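>
There are 4 protein chains.
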Amino acid sequence: MKIIGISGSLRKASYNTSLLRALVSLQPQGMEIEPIRLNGIPVYDGDDEKATGKPAAILEIDQKIRAADGVVIVTPEYNFSIPGGLKNALDWISRGKSPLKWKRMGVMGASDGPIGTARSQYHLRQTLQAHEAIIMPRPEIFVGNASKKFDAEGKLTDDDTAQRLQKWLKAFADWVEKKP
Amino acid sequence: MKIIGISGSLRKASYNTSLLRALVSLQPQGMEIEPIRLNGIPVYDGDDEKATGKPAAILEIDQKIRAADGVVIVTPEYNFSIPGGLKNALDWISRGKSPLKWKRMGVMGASDGPIGTARSQYHLRQTLQAHEAIIMPRPEIFVGNASKKFDAEGKLTDDDTAQRLQKWLKAFADWVEKKP
Amino acid sequence: MKIIGISGSLRKASYNTSLLRALVSLQPQGMEIEPIRLNGIPVYDGDDEKATGKPAAILEIDQKIRAADGVVIVTPEYNFSIPGGLKNALDWISRGKSPLKWKRMGVMGASDGPIGTARSQYHLRQTLQAHEAIIMPRPEIFVGNASKKFDAEGKLTDDDTAQRLQKWLKAFADWVEKKP
Amino acid sequence: MKIIGISGSLRKASYNTSLLRALVSLQPQGMEIEPIRLNGIPVYDGDDEKATGKPAAILEIDQKIRAADGVVIVTPEYNFSIPGGLKNALDWISRGKSPLKWKRMGVMGASDGPIGTARSQYHLRQTLQAHEAIIMPRPEIFVGNASKKFDAEGKLTDDDTAQRLQKWLKAFADWVEKKP
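Residue numbers (the numbering used here), protein chains in the order written: chain S, 1 to 180; chain H, 1001 to 1180; chain V, 2001 to 2180; chain G, 3001 to 3180.
#1: Report the option in Asn-2079(V), Val-2043(V) and Leu-2090(V) whose CA atom is closest to the CA atom of Ile-2006(V).
#2: When you compare each of Arg-2011(V), Gly-2109(V) and Lys-2101(V) to Ala-2130(V) by their alpha carbons, which one comes out closest?
#3: Under a three-way DSSP split, which group does Lys-1012(H) fall into?
#4: Can you grab the Cα-Cα spacing for the pair Arg-2011(V) / Ser-2025(V), in whole Å?
#5: Decide if the segment 102-109 of chain S is in contact with the segment 66-77 of chain S; the criterion is three or more beta carbon pairs, one per stretch, under 8 Å apart.
#6: Answer yes or no: does any C-beta atom of chain V fall closer than 7 Å to that of Pro-183(S)?
#7: Could you spell out where the alpha helix (DSSP H) holding Glu-1177(H) opens and where it closes?
#8: Give me, in chain order, the residues of the same chain whose beta-carbon lies closer than 8 Å to that of Thr-2962(G); leave out the 5 immediate sequence neighbours on both sides.
#9: Can you check whether the C-beta of Phe-150(S) is within less than 7 Å of a C-beta belonging to chain H?
#10: Short of 7 Å in beta carbon distance, which residues of its chain neighbour Gln-1166(H), apart from the five on each side in sequence? Order them along the chain.
#11: Run through DSSP, which three-state label would Val-72(S) get?
#12: Please list, in chain order, the residues of the segment 1060-1086 of chain H that have any C-beta partner in chain S closer than 7 Å.
#13: Per the contact definition of three or more C-beta pairs closer than 8 Å, is the segment 2137-2153 of chain V in contact with the segment 2107-2125 of chain V?
#14: Classify Val-3107(G) as helix, strand or coil using the three-state DSSP reduction.
#15: So, for Trp-175(S): in the same chain, excluding its five sequence neighbours on each side, which residues have a beta-carbon less than 6 Å away from its beta-carbon?
#16: For Lys-3054(G), which three-state DSSP category applies?
#17: So what's Lys-3148(G) in DSSP terms, helix, strand or just coil?
#18: Along chain G, in chain order, which residues have C-beta atoms closer than 8 Å to that of Ala-1162(H)?
#19: On the premise that Asn-1079(H) lies in contact with Ser-94(S), defined as a C-beta separation below 8 Å, what is that separation, rounded to the nearest angstrom?
#20: Show which residues of chain S have a CB atom less than 8 Å away from the CB atom of Trp-2168(V).
#21: State the CB to CB distance for the pair Ile-73(S) and Val-107(S), rounded to an integer number of angstroms; the pair is presumed to be in contact (CB under 8 Å).
#22: Please classify Glu-2077(V): is it buried, with 16 or more other beta-carbons within 10 angstroms of its beta-carbon, or exposed?
#23: Does Gln-1129(H) get closer than 7 Å to chain G when you measure Cβ to Cβ?
#24: Quick one: which residues of the segment 1107-1141 of chain H get their C-beta closer than 9 Å to a C-beta of chain C? List them in chain order.
#25: Just the chain V side, please: which residues come within less than 8 Å of Lys-97(S) by C-beta, in chain order?
#26: So is Thr-1157(H) buried or exposed if we call it buried at 16+ other beta carbons inside 10 Å?
#27: Assign Gly-1053(H) to buried or exposed, taking buried as 16 or more other Cβ atoms, counted over all protein chains shown, within 10 Å of its Cβ.
#28: Between Thr-161(S) and Lys-170(S), how many whole angstroms is the CB-CB distance? I'm expecting something under 8 Å.
#29: Against Trp-102(S), what residues of chain V qualify as contacts under a CB-to-CB distance less than 8 Å, listed in chain order?
#30: Out of curiosity, what's the CA-to-CA distance linking Gly-1085(H) and Ile-33(S)?
#31: Excluding the 5 residues flanking Arg-2037(V) on each side, which residues of the same chain have their C-beta closer than 6 Å to its C-beta?
#32: In chain V, what lies closer than 7 Å to Arg-3011(G) by C-beta?
#33: Taking the Cβ atom as the reference point for each residue, do Pro-1035(H) and Leu-1020(H) lie within a distance shorter than 7 Å?
#34: So, under 8 Å CB-CB, Trp-3092(G) and Tyr-3044(G) are touching, yes? Tell me the CB distance rounded to an integer number of Å.
Written out as structure tokens, the structure is:
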């Protein structure tokens, strides 16, 4: 089972990129998560698209998604919603026929506040509905107070979170494979 | 009364930029709407911000907003939510102390579908809550079927929409001036 | 294929109950939609539940849903969200183990405004996520300006809407049967 | 300054009714919060309304709200949204001319989960926008893990929460009085 994992943050020391790495380190047997980041994608402008088409980074992501069995997005929360950069990538990806159509998906996120990106995740779910993705409804992962759960190198050090991630991965494997 | 009007679309023939122009042409006596666009703003990356600070375009918008009595955002809808580019600009603007705090605001939008950007506007309202903006609750403007309401040069040709905009502008002038 | 259709409105001349009737009249071969209404359900109070358990009307709905292959909710929009009565029924239904878990679902709605219950439908989708329902992402049905689309007896008279419903029913049959 | 406080829960031992009591006990000098509950309100049915008008409980709440300087709603979260009973009360209140129009409002909530009713509060804010209420954007109060923060009699025992409430009340007094 081939899963694409997308971090919605561009900065190197991102909690969300760290959370995605934790997912990779905990992936169950039979699941292979390939982490990707969203660097090098310009802000969408319909005139640019008409002139030069999709950026190479978007074409590559499109192909990876099409070849995968499932996709996980690990999203920060900026201003009570999806980060502009992640939303912009999804806007580019949606042009033409979205590779996320009927793709089995999961969402999660980490923040240093108490709410753990809930607001961002629900907006993201609505955007992924536009793509016709089929998103696992539950369990959900909201990693709050992230600064206490990752060490200085971005390694997950919180056992409770690790256990939740393992449980989530098991549920997600079923979601992708058994297609309930 | 000085109002900043922001179009959430970058492309030249945008319905939303046309709608903003229509607003300017209908502005009531005593109100001056300065339209601005969001070109030239890179995708937010916390590492870039640390290295080089805010882009010049964001610093300029910040100053214009601070000097204004109110702000109107005219937003497209991409994938059932705020366009990535507009959200990205708002993410940049929020860094430090947002100039939108307690600013009197209005939102509207145009699309060629029947819903006229409603989904985008509600997500936008939630994001502007994070900025602590004070957004006019009603009336609302959802310009649907936009291709039939603007001519080839982007001029508003639909009388009913023009009347709604006039009514909206009057309500917005009260919103900004009387601060209910 | 057995489908339960729920109208979120209690009043007799409801556009949404009319829309549900239109769905029944257009049901494709092999699909049988049983319409149900939500009358006779008290407002949820945890103390009442402890004292007397679930109301008979809820127990009956629970059984019907469990026996069905899919569920469609046809919802009005009250105050930019789910009608209190419909939400209340869903709150009762969720107590214990929701019969909507992993049930294939669809949502639609009718209103006399231009937006056709979009705001209500997205809130409803979030509530149904809590139930772990698997909701068809698209196509969507927003019947706006409903007073011009149904006659005095509540019969659908708008051909375009009828065609959209037929297309929707075909997509929903696939959603329920093929489980993408 | 006269404030109406509404608990969105009907059960006696509700965390939200306890949270509202805590607000009353912490009210700053010059503010008087009158707590009200939503018992005795039938599920809205347009036919009933036509036959017998608004219930007495709604008429009483309407008058209290009109006479108040501000309104606070303390809401539980049911199924990722507003409790049906609270939404139903707001639907009744909206009939005719809502007393919440341009009323200064605040929202908060308590739950035993980690998110502290965030999902409910954002849906509630959208519903209150329909009423044209003017809702304080920030600070926000999400009381998570409520079972550890109230004692068996429903008294708030968590100092951190008490301090947040005091800060919130001070901000809300400004919101109501200074009308930014």
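For each residue, glycine too, the CB sits at the ideal point set by N, CA and C.
Quick caveat, the model's predicted, so the values are computed rather than measured.
Let me spell this out:
#1: Position 6 of the third sequence holds residue 2006(V). Relative to the Cα of Ile-2006(V), the nearest Cα in the group Asn-2079(V), Val-2043(V) and Leu-2090(V) belongs to Leu-2090(V).
#2: To locate residue 2130(V), count along the third sequence from 1; it is residue 130. The shortest C-alpha separation from Ala-2130(V) is found at Lys-2101(V).
#3: Locating residue 1012(H) in the second sequence gives position 12, where the first residue counts as 1. The answer is coil: DSSP assigns Lys-1012(H) none of H, G, I, E or B.
#4: Position 11 of the third sequence, counted from the first residue, corresponds to residue 2011(V). Position 25 of the third sequence, counted from the first residue, corresponds to residue 2025(V). C-alpha separation (whole angstroms): 20 Å.
#5: As far as the Cβ criterion goes, the segment 102-109 of chain S touches the segment 66-77 of chain S, which means the pair count is three or higher.
#6: Residue 183(S) lies beyond the stretch modelled for chain S, which goes from 1 to 180, so this question has no answer here.
#7: Translated into positions along the second sequence, residue 1177(H) becomes position 177. First-last of the alpha helix (DSSP H) with Glu-1177(H): 1159-1178.
#8: The first residue shown for chain G is 3001 and the last is 3180, placing residue 2962(G) beyond what the model contains.
#9: Sequence index remark: in the first sequence, residue 150(S) carries index 150 (1-based). Cβ-Cβ to chain H under 7 Å: no for Phe-150(S).
#10: As a first step, residue 1166(H) must be located in the second sequence, where it is residue number 166. The residues are Leu-1026.
#11: Working through the first sequence from its first residue, we reach residue 72(S) at position 72. Here Val-72(S) carries a strand assignment [DSSP, helix/strand/coil].
#12: The segment 1060-1086 of chain H vs chain S, Cβ under 7 Å: Tyr-1078, Asn-1079, Phe-1080, Ser-1081, Ile-1082, Pro-1083, Gly-1084 and Gly-1085.
#13: Yes, since at least three Cβ pairs between the segment 2107-2125 of chain V and the segment 2137-2153 of chain V fall closer than 8 Å, the two stretches touch.
#14: Against the fourth sequence, residue 3107(G) aligns to sequence position 107. DSSP places Val-3107(G) within a strand segment (E or B) once states are collapsed to three.
#15: For this step, residue 175(S) is matched to residue 175 along the first sequence. Excluding positions up to five away in sequence, the list reads Arg-104 and Met-136.
#16: On the fourth sequence, residue 3054(G) is found 54 positions in, with the first residue counted as 1. DSSP places Lys-3054(G) in coil when its eight states are reduced to three.
#17: Mapped onto the fourth sequence, residue 3148(G) falls at position 148. Shown here, Lys-3148(G) sits in a helix according to DSSP, grouped into three states.
#18: Reading the second sequence from its first residue, position 162 is the one you call residue 1162(H). Neighbours of Ala-1162(H) on chain G: none; closest Cβ ~24 Å, over 8 Å.
#19: Counting from one through the first sequence, the residue named residue 94(S) turns up at place 94. Counting from one through the second sequence, the residue named residue 1079(H) turns up at place 79. The Cβ separation is near 5 Å, so the contact holds.
#20: Taking the third sequence and counting its residues from 1, one reaches residue 2168(V) at position 168. Simply none; closest approach about 14 Å.
#21: Along the first sequence, read from residue 1 onward, the residue named residue 73(S) stands at position 73. Along the first sequence, read from residue 1 onward, the residue named residue 107(S) stands at position 107. Going by Cβ atoms, the distance from Ile-73(S) to Val-107(S) rounds to 5 Å, so yes, they are a contact pair.
#22: As a working note, residue 2077(V) is residue 77 in the third sequence. The residue is buried, with at least 16 neighbouring Cβ atoms inside 10 Å.
#23: Here residue 1129(H) refers to the residue found at position 129 when the second sequence is read from its first residue. Output row for Gln-1129(H): interface = yes.
#24: Among the chains of the structure shown, chain C does not appear; the protein chains present are S, H, V and G.
#25: For the purposes of this step, residue 97(S) is identified with residue 97 of the first sequence, where counting begins at 1. Within 8 Å Cβ-Cβ: nothing; Lys-97(S) doesn't reach chain V, min ~13 Å.
#26: Mapped onto the second sequence, residue 1157(H) falls at position 157. Classification of Thr-1157(H): exposed, given that the 10 Å Cβ count is below 16.
#27: The sequence position of residue 1053(H) within the second sequence is 53, counting from 1. Classification for Gly-1053(H): exposed.
#28: Stepping through the first sequence from its first residue, residue 161(S) is reached at position 161. Stepping through the first sequence from its first residue, residue 170(S) is reached at position 170. Taking a contact as a CB-CB distance under 8 Å, the pair Thr-161(S) and Lys-170(S) does not count as one, their CB atoms being some 15 Å apart.
#29: Against the first sequence, residue 102(S) aligns to sequence position 102. What Trp-102(S) touches in chain V: Pro-2180.
#30: Translated into positions along the second sequence, residue 1085(H) becomes position 85. Translated into positions along the first sequence, residue 33(S) becomes position 33. Each residue's Cα considered, the two are about 29 Å apart.
#31: Counted from its first residue, the third sequence places residue 2037(V) at position 37. Its chain contains Ser-2007 as the residues whose beta carbon lies nearer than 6 Å to that of Arg-2037(V), once the 5 sequence neighbours on both sides are disregarded; these appear in chain order.
#32: For this step, residue 3011(G) is matched to residue 11 along the fourth sequence. Chain-order list of chain V residues neighbouring Arg-3011(G): Asp-2045, Gly-2046 and Asp-2047, by C-beta distance under 7 Å.
#33: Your numbering for residue 1035(H) matches position 35 in the second sequence. Your numbering for residue 1020(H) matches position 20 in the second sequence. Against a cut-off of 7 Å, the Cβ pair of Leu-1020(H) and Pro-1035(H) comes out as a contact.
#34: What you label residue 3092(G) is simply residue 92 of the fourth sequence in a count that begins at 1. What you label residue 3044(G) is simply residue 44 of the fourth sequence in a count that begins at 1. Correct: roughly 6 Å between the Cβ atoms.
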